[in-house]
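Participant: The following block contains the structure, expressed as structure tokens.
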DNA sequence: CGTACTTTTGAATCGCATCAAATCTGGTGG
DNA sequence: CCACCAGATTTGATGCGATTCAAAAGTACG
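Residue numbers (the numbering used here), protein chains in the order written: chain A, 37 to 244; chain B, 37 to 244.
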């Protein structure tokens, strides 16, 4: 992977990382199916997804895969900063653009730059909240409620941009893709929802 | 709340916090139903549960409560370090022992003590992993699989200590308490599980 | 133009939510 | 110490909705 033209860095990275880490970053274009790292592999780089989608998944005993997280823009496996091994694997589900930062440099930077450490903690806190929200969503009964919750929490103004397939969304909200397709169709028929190629939009009731 | 006799601090706190923050900690005994903080309240203290159980929950639109997290030993709402408001409420579900640390002191400490910041990041990373595991659990189909997953991931050697009611466990794994009771009974009848007042134990198959 | 994947619809089964009600438990106050 | 109450535990009956298995049509990509 080549070193990065600094001006090409996503603003999320430029605002977060100290300059010395920005220069240490490398970049690559990844295609669908590429594996960023394997379960039980040793972390040497921290990956940041700028474009495309990465799923963070674990392979169960019967070989079934459970999606733990989808990432379209952000770090993958921040929690593995000091882990000797990955506890999950990361795979591209759509072609994309990936930045990588050496983990030891990251660790040093966090120790030597306390403002950077504070920003990093902030990022982890946001991630914690996002995960708690996801747990909340998975606790809801019924596909419909989960869809609405997803649009309300991950979308903006009742609109959820579709950056990935509905199938991967189905996995994320913990239902089969068949159930999701059927529920979306039913909701649209009831006028609760509008679908397009690029987004899901909650149909606002005019009078409350 | 009185200041704390330093030697009474849980070791988890003594290993994590700088001494100046340890002296700033206060302590209280809380009883069932006590509310540590309210949804939308302003965070001024960071709470650490040493004994008893706290649930971290959000009240939904129809007034139903969703349990986001149960804490028996650890920080509650670490993610609210820089939040202007809590996005959830925290309630004791059993009497317990609570330590409180002033949030501004915590923020200052994280900025001035980089080793402390590194330990804090470590703690957040562990919490992230725990939450991802919980999402994984909630994605499983069937109460039985969730129970087994819970015992495997939160227990030790196939034994899960019951620090709280089965009902609160049911909420945590996202099923009704009736379904949990029935499933446990069925699993016990099939010899998959042993129950006692204090723990659930997976029945090991002798031969694989 | 074929291959792989997503999207879609169908049918059957069944596990779980739901509503109800009884028993048991620990804790409180009289 | 006992009556009482709130909550936990348990069992029962019912119906819906999601999983599962199957198959077809649509779509992207090399």
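C-beta: ideal position from N, C-alpha, C; glycine also.
Helix or strand or just coil, what does DSSP make of residue 69(A)?
Facilitator: It is coil, neither helix nor strand.
Participant: Do residue 115(B) and residue 153(A) have their C-beta atoms closer together than 8 Å?
Facilitator: no
Participant: To which residues does DSSP link residue 230(B) through a beta bridge?
Facilitator: 237(B)
Participant: Using only the alpha-carbon positions, how far apart do residue 146(B) and residue 151(A) sit?
Facilitator: 9 Å
Participant: Taking C-alpha atoms, which residue in 193(A), 178(A), 109(A), 179(A) lies nearest to residue 46(A)?
Facilitator: Nearest option by C-alpha distance: 109(A).
Participant: Closest to residue 86(A) by C-alpha separation, out of 133(A), 128(A), 63(A), 50(A), would be which residue?
Facilitator: Per the Cα distances, 133(A).
Participant: Could you confirm whether any beta carbon from chain A is found closer than 8 Å to the beta carbon of residue 178(B)?
Facilitator: no
Participant: Going by other Cβ atoms of all chains shown within 10 Å of its Cβ, with 16 needed for buried, is residue 269(B) buried or exposed?
Facilitator: Nothing about residue 269(B) can be reported from this structure: the residues present for chain B run from 37 to 244 only.
Participant: Taking C-beta to C-beta, are residue 162(B) and residue 124(B) nearer than 8 Å?
Facilitator: no
Participant: Should the segment 191-208 of chain B be regarded as contacting the segment 230-240 of chain B, the criterion being three or more beta carbon pairs within less than 8 Å?
Facilitator: yes
Participant: Closest by CA to residue 63(B), which one among 160(B), 181(B), 137(B), 164(B)?
Facilitator: 137(B)
Participant: Looking at C-beta atoms only, is the number of pairs between the segment 167-177 of chain B and the segment 177-195 of chain A that lie closer than 8 Å three or more?
Facilitator: no
Participant: Scan the segment 97-148 of chain B and note each continuous alpha helix (DSSP H) run of 4 residues or more that stays entirely inside, going in chain order.
Facilitator: As far as the segment 97-148 of chain B is concerned, its whole alpha helix (DSSP H) runs of at least 4 residues are 139-148.
Participant: Please tell me whether residue 165(A) has its Cβ less than 8 Å away from any Cβ of chain B.
Facilitator: yes
Participant: Please classify residue 55(B) as buried or exposed, where buried requires at least 16 other C-beta atoms within 10 Å of its C-beta.
Facilitator: exposed
Participant: Show which residues of chain B have a CB atom less than 8 Å away from the CB atom of residue 94(A).
Facilitator: 172
Participant: So is residue 89(A) buried or exposed if we call it buried at 16+ other beta carbons inside 10 Å?
Facilitator: buried
Participant: Which residues of chain B have a Cβ atom closer than 7 Å to the Cβ of residue 115(A), listed in chain order?
Facilitator: 161, 164, 165
Participant: Return the Cβ separation of residue 164(B) and residue 104(A) in integer angstroms, given the expectation that the two are a contact with Cβ distance under 8 Å.
Facilitator: The C-beta separation of residue 164(B) from residue 104(A) comes to about 10 Å, leaving the pair out of contact by the 8 Å criterion.
Participant: Can you pull the chain B residues whose beta carbon is under 7 Å from the beta carbon of residue 136(A), in chain order?
Facilitator: Within chain B, no residue comes near residue 136(A); the closest Cβ sits about 19 Å away, beyond 7 Å.
Participant: Give me the Cα-Cα distance between residue 160(B) and residue 172(A), rounded to the nearest whole angstrom.
Facilitator: 19 Å
Participant: Quick one, which residues of the segment 211-233 of chain A are near chain B if we go by CB-CB under 7 Å, in chain order?
Facilitator: none
Participant: Would you list, in chain order, the members of the segment 102-113 of chain B that have their beta-carbon closer than 8 Å to a beta-carbon of chain A?
Facilitator: 102, 103, 104, 105
Participant: How is residue 91(A) classed by DSSP in three states: helix, strand or coil?
Facilitator: strand
Participant: Give me the Cα-Cα distance between residue 33(B) and residue 189(B), rounded to the nearest whole angstrom.
Facilitator: The requested residue 33(B) does not occur in the structure, where chain B is confined to residues 37 to 244.
Participant: Taking the C-alpha atoms as reference points, what is the distance between residue 76(B) and residue 122(B)?
Facilitator: 5 Å
Participant: Please report the distance separating the alpha-carbon of residue 200(B) from that of residue 212(B).
Facilitator: 16 Å
Participant: Identify whether residue 221(B) lies in helix, strand or coil by the three-state DSSP scheme.
Facilitator: Helix.
Participant: Is the separation between the beta-carbon of residue 141(B) and that of residue 57(B) shorter than 8 Å?
Facilitator: The criterion of a C-beta distance shorter than 8 Å is satisfied by residue 141(B) and residue 57(B).
Participant: Excluding the 5 residues preceding and the 5 following residue 223(B) in the sequence, name in chain order all residues of the same chain whose CB lies nearer than 6 Å to its CB.
Facilitator: 229
Participant: Measuring alpha carbon to alpha carbon, tell me which residue in 226(B), 191(B), 186(B) is nearest residue 207(B).
Facilitator: 186(B)
Participant: Residues of chain B with CB under 9 Å from residue 118(A), in chain order?
Facilitator: 154, 157, 158, 161
Participant: Would you give the residue range spanned by the beta strand (DSSP E) that residue 166(A) belongs to?
Facilitator: For residue 166(A), no beta strand (DSSP E) run applies; the uninterrupted alpha helix (DSSP H) run containing it begins and ends at 150-174, by DSSP.
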